[in-house]
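K.L.:
Take a look at this one; I'll ask things after.
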Amino acid sequence: MRTVKSEDTFNNKMVVLARESRGLGQKELADFSGISQGKLSKLENGLIPLAADDVEKLSSTLNYPESFFMRNDRIYGVGISEYFHRKRQSVSQKLLNKIYAKLEIRRMEIDTLLKSIDIGDINVPNIDPDEHDGNIETIAQIVRAAWMVPKGPIDNVVDLIEEAGAIIVPFDFEKANIDGISLWPPGSPPLIFVNYDRPMDRIRFTLCHELGHLVLHRNLPSDGEDIEEQADRFSSEFLMPTKDIAPMLKDISIQKLASIKPYWKTSMGSMLKKASDLGYVNERQTRYYWMQMGKLGYRTTEPPELAPPIEKPSLLDDVVKIYQDDLKYSVQDMSNALALNTSEFKNLYVKNYGHLRLVQ
Numbered sequence: 329m330r331t332v333k334s335e336d337t338f339n340n341k342m343v344v345l346a347r348e349s350r351g352l353g354q355k356e357l358a359d360f361s362g363i364s365q366g367k368l369s370k371l372e373n374g375l376i377p378l379a380a381d382d383v384e385k386l387s388s389t390l391n392y393p394e395s396f397f398m399r400n401d402r403i404y405g406v407g408i409s410e411y412f413h414r415k416r417q418s419v420s421q422k423l424l425n426k427i428y429a430k431l432e433i434r435r436m437e438i439d440t441l442l443k444s445i446d447i448g449d450i451n452v453p454n455i456d457p458d459e460h461d462g463n464i465e466t467i468a469q470i471v472r473a474a475w476m477v478p479k480g481p482i483d484n485v486v487d488l489i490e491e492a493g494a495i496i497v498p499f500d501f502e503k504a505n506i507d508g509i510s511l512w513p514p515g516s517p518p519l520i521f522v523n524y525d526r527p528m529d530r531i532r533f534t535l536c537h538e539l540g541h542l543v544l545h546r547n548l549p550s551d552g553e554d555i556e557e558q559a560d561r562f563s564s565e566f567l568m569p570t571k572d573i574a575p576m577l578k579d580i581s582i583q584k585l586a587s588i589k590p591y592w593k594t595s596m597g598s599m600l601k602k603a604s605d606l607g608y609v610n611e612r613q614t615r616y617y618w619m620q621m622g623k624l625g626y627r628t629t630e631p632p633e634l635a636p637p638i639e640k641p642s643l644l645d646d647v648v649k650i651y652q653d654d655l656k657y658s659v660q661d662m663s664n665a666l667a668l669n670t671s672e673f674k675n676l677y678v679k680n681y682g683h684l685r686l687v688q
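Quick note, the sequence shown lines up with residues 329 to 688 if you use our numbering.
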């Protein structure tokens, strides 16, 4: 039996990540690869050395190059998002494991890309809600002021967040009803993985919701705090400052919500919620409007002609473009650097945007 060369270091945790990222259980991988489950279990737990023959089987079965299993990056979990991110409770643990593994692999790839690229300073503040007596709206206003956002609606949320140094990554959450997950591992820029298979007004709200997590929840929250509710409040105030939108939410109707949606670039539902929170509509009226929106089909899909323009993230694409144009990396070079097969690299990373600068 051939063994891995002594200069190579097998990372047993990469087997787990690879397996889970492909949505396979341990027994399934054993069946597909021809490696017994008992041996696979010991390999994943680092109890026995890896033979080169097994690397070949894992590489072929899981569609990762052999170098993938030699990555020595530190592996992180998804943090508090694992427990609190916006997901249906009915999502299976197996699917969540697949999503978390794919997120972690993407994070490792982005870290590798940023070793030669300077994306500038990170300007995402860390603000403890307790320092402001839990007034999330005040914190949203502080961030808007720090970023010098003019009053009224935000023209382009994606550009604003990426200008602050966060990287927005369109991500396939498959069948899970997840809008977004944010990560901020040590030594890395904040990452927001977002489901772009959504209306743009919902994407904008999700991005600001995840921004709320990054600003408010770098540390574990106090007992009893609902961090999802806090992130929603942050997003609502960040997108629709009370002092600016309040006059427009008086005497509302479905028609009025539709008329102001193109201006605020937020959903009619989020504006109705804002009006309710401000006390402009009572509980009975709120139920009535939700019923009316349901009858019109707006609870599922609001009129597409009112949708805001698509906002495309570009920061990660800019990084790849530098490797292609300035560093003269071929697709094969980049695939090798990220320990991906070329077809998967192309699917994930080959775009054509923008300009950054090299690290000196």
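No residue lacks a Cβ here, since even glycine has one placed at the ideal position from N, Cα and C.
Would DSSP call residue 508 helix, strand or coil?
P.N.:
Note: residue 508 maps to strand in three-state DSSP.
K.L.:
State the DSSP-derived secondary structure class of residue 486, mapped to helix, strand or coil.
P.N.:
Residue 486: helix per DSSP, three-state reduction.
K.L.:
If the criterion is Cβ atoms closer than 8 Å, does the pair residue 504 and residue 537 meet it?
P.N.:
Not in contact: residue 504 and residue 537 (Cβ atoms no closer than 8 Å).
K.L.:
Mind checking who residue 495 pairs with in its DSSP beta bridge?
P.N.:
Bridge partners of residue 495: 519.
K.L.:
Exposed or buried, what is residue 518 when buried is set at 16 or more other beta-carbons lying within 10 Å of its beta-carbon?
P.N.:
Burial call: buried.
K.L.:
Among 390, 462, 521 and 435, which one has its Cα closest to the Cα of residue 351?
P.N.:
For residue 351, the nearest C-alpha among the options comes from 390.
K.L.:
Skipping 5 residues on each side, what residues in its chain have a beta carbon closer than 7 Å to that of residue 333?
P.N.:
For residue 333, the pLDDT reaches just 49, beneath the cut-off of 50, and the residue's location in the model is therefore unreliable, leaving the point undetermined.
K.L.:
Answer yes or no: do residue 364 and residue 429 have a C-beta to C-beta separation smaller than 8 Å?
P.N.:
No, these two residues do not count as a Cβ contact at 8 Å.
K.L.:
Return the CA-CA distance between residue 342 and residue 486, expressed in angstroms with no decimal places.
P.N.:
Going by the C-alpha atoms only, they are around 32 Å apart.
K.L.:
For residue 345, I'd like the list of residues in its chain whose CB is within less than 8 Å of its CB, leaving aside the five on either flank, ordered along the chain.
P.N.:
Answer for residue 345: 403, 429, 432 and 433, listed in chain order.
K.L.:
Assuming contact is defined by CB atoms lying nearer than 8 Å, are residue 577 and residue 603 in contact in what I supplied?
P.N.:
Cβ atoms of residue 577 and residue 603: closer than 8 Å.
K.L.:
Hey, out of 340, 651, 421 and 441, whose CA is closest to residue 370's CA?
P.N.:
Measuring from the Cα of residue 370, the nearest candidate turns out to be 340.
K.L.:
How many angstroms separate the CA atom of residue 399 from the CA atom of residue 608?
P.N.:
Computed Cα separation, rounded: 56 Å.
K.L.:
Ends of the alpha helix (DSSP H) at residue 475?
P.N.:
No alpha helix (DSSP H) holds residue 475; DSSP gives it neither H nor E.
K.L.:
Taking only three categories from DSSP, how would you classify residue 559?
P.N.:
Helix at residue 559.
K.L.:
At what residues does the alpha helix (DSSP H) containing residue 628 begin and finish?
P.N.:
Where residue 628 is concerned, there is no enclosing alpha helix (DSSP H), given that its DSSP letter is neither H nor E.
K.L.:
Give the secondary structure of residue 586 by DSSP, where H, G and I count as helix, E and B as strand, and everything else as coil.
P.N.:
Helix, per DSSP.
K.L.:
So with Cβ pairs under 8 Å, would you call residue 619 a contact of chain C?
P.N.:
Considering every chain present, this structure includes no chain C. It has just one protein chain.
K.L.:
Could you check whether residue 530 and residue 507 sit closer than 8 Å to each other, using their CB atoms as the reference points?
P.N.:
Closer than 8 Å, so yes.
K.L.:
Note down, in chain order, each residue of its chain lying with its Cβ closer than 7 Å to the Cβ of residue 374, except the 5 sequence neighbours on either side.
P.N.:
Closer than 7 Å at the Cβ level, and outside the excluded window around residue 374, lie 340.
K.L.:
Hey, would you say residue 669 sits closer than 8 Å to residue 393, going by beta carbons?
P.N.:
Closer than 8 Å, so yes.
K.L.:
Please classify residue 628 as buried or exposed, where buried requires at least 16 neighbouring CB atoms within 10 angstroms.
P.N.:
Looking at its Cβ environment, which holds fewer than 16 other Cβ atoms inside 10 Å, residue 628 is exposed.
K.L.:
Comparing C-alpha positions only, which one of 510, 581 and 528 sits nearest to residue 556?
P.N.:
For the residues 510, 581 and 528, the minimum Cα distance to residue 556 belongs to 510.
K.L.:
Select from 372, 368 and 526 the residue whose C-alpha is nearest the C-alpha of residue 636.
P.N.:
Residue 636 has its Cα closest to that of 526, out of 372, 368 and 526.
K.L.:
If you run the structure through DSSP and keep just helix, strand and coil, what is residue 468?
P.N.:
Of the three classes helix, strand and coil, the one that applies to residue 468 here is helix, per DSSP.
K.L.:
For residue 582, I'd like the list of residues in its chain whose CB is within less than 6 Å of its CB, leaving aside the five on either flank, ordered along the chain.
P.N.:
For residue 582, where only same-chain residues beyond five positions count, the Cβ hits under 6 Å are 620.
K.L.:
Return the first residue and the last residue of the alpha helix (DSSP H) that residue 646 is part of.
P.N.:
That run of the alpha helix (DSSP H) goes 643 to 653.
K.L.:
Quick check on DSSP: helix, strand or coil for residue 635?
P.N.:
The answer is coil: DSSP assigns residue 635 none of H, G, I, E or B.
K.L.:
Taking residue 612 as part of the alpha helix (DSSP H), name the residues at either end of that continuous run.
P.N.:
Counting along the chain, the alpha helix (DSSP H) containing residue 612 begins and ends at 611 to 623.
K.L.:
Rounded to whole angstroms, what's the CA-CA distance from residue 338 to residue 376? Just pull it up for me.
P.N.:
About 11 Å.
K.L.:
Taking 8 Å as the threshold (C-beta atoms), are residue 599 and residue 626 in contact?
P.N.:
No.
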